[in-house]
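Quick notes on the structure that follows.
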Amino acid sequence: MTMLNRLASFADATVRAVAQKPPRYAVHLVERKTGRLHCVAGIPLTVFTCTPDEVGAEMMRNRDPKDWDILVEQRIPKEF
226 MTMLNRLASF ADATVRAVAQ KPPRYAVHLV ERKTGRLHCV AGIPLTVFTC
276 TPDEVGAEMM RNRDPKDWDI LVEQRIPKEF
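As structure tokens, this is what we get:
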């Protein structure tokens with residue numbers, strides 16, 4: 226019985242290790258004049274997402290593209 230219990234645990238760990246997860250991105254709002262990230266209460270405005278184009282468009286809504294830009298970084302998942 227012990228081997229069957231461990232088999233289920235092994236199968237679960239294998240599925241999690243092999244499963245493809247969508248890439249993750251960090252999207253930042255950057256002020257062009259200074260080149261610094263836009264901060265709210267001293268904390269950089271960063272959104273983590275799988276759809277950086279949509280988030281970037283939403284962050285740029287009602288902003289002048291001459292003054293603002295978007296920085297997108299792909300996040301690399303940590304290995305176990």
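Per this note's numbering, the sequence shown runs over residues 226 to 305.
We put the beta carbon where it would ideally sit given N, CA and C, even for glycine.
Nothing here was measured: the structure is a model prediction, and the numbers come from that model.
Using a Cβ-Cβ cutoff of less than 6 angstroms, which residues in the same chain neighbour residue i once the five nearest sequence positions on both sides are dropped?
| i | result |
| --- | --- |
| aspartate 292 | Arg257 |
| glutamate 298 | Ala251 |
Considering only residues of the same chain and omitting the five flanking positions on each side of residue i, which have a CB-CB separation below 8 angstroms?
| i | result |
| --- | --- |
| lysine 246 | Pro302 |
| valine 255 | Arg261, Leu262, His263, Trp293, Asp294, Ile295 and Leu296 |
| cysteine 275 | Pro247, Pro248, Arg249 and Tyr250 |
In this structure, what does DSSP give as the bridge partners for residue i?
| i | result |
| --- | --- |
| isoleucine 268 | Val265 |
| arginine 249 | Arg300 |
| alanine 274 | The amino acid at residue 274 is misidentified as alanine; the sequence shows threonine. Partner(s): Tyr250. |
| aspartate 186 | In the structure as shown, the chain starts at 226 and stops at 305, and residue 186 therefore has no counterpart that could be examined. |
For residue i, does the count of other Cβ atoms within 10 angstroms reach 16, so buried, or fall short, so exposed?
| i | result |
| --- | --- |
| valine 265 | exposed |
| glycine 267 | exposed |
| proline 290 | exposed |
In terms of alpha-carbon separation, which member of the options lies closest to residue i?
| i | options | result |
| --- | --- | --- |
| arginine 370 | Thr259, Gly267 and Val272 | A question about residue 370 goes unanswered here, because the residues of the chain that appear run from 226 up to 305. |
Where does the unbroken alpha helix (DSSP H) through residue i begin, and where does it stop?
| i | result |
| --- | --- |
| glycine 281 | 277-285 |
To which residues of the same chain is residue i closer than 7 angstroms at the C-beta, ignoring the five residues directly before and after it?
| i | result |
| --- | --- |
| arginine 288 | none |
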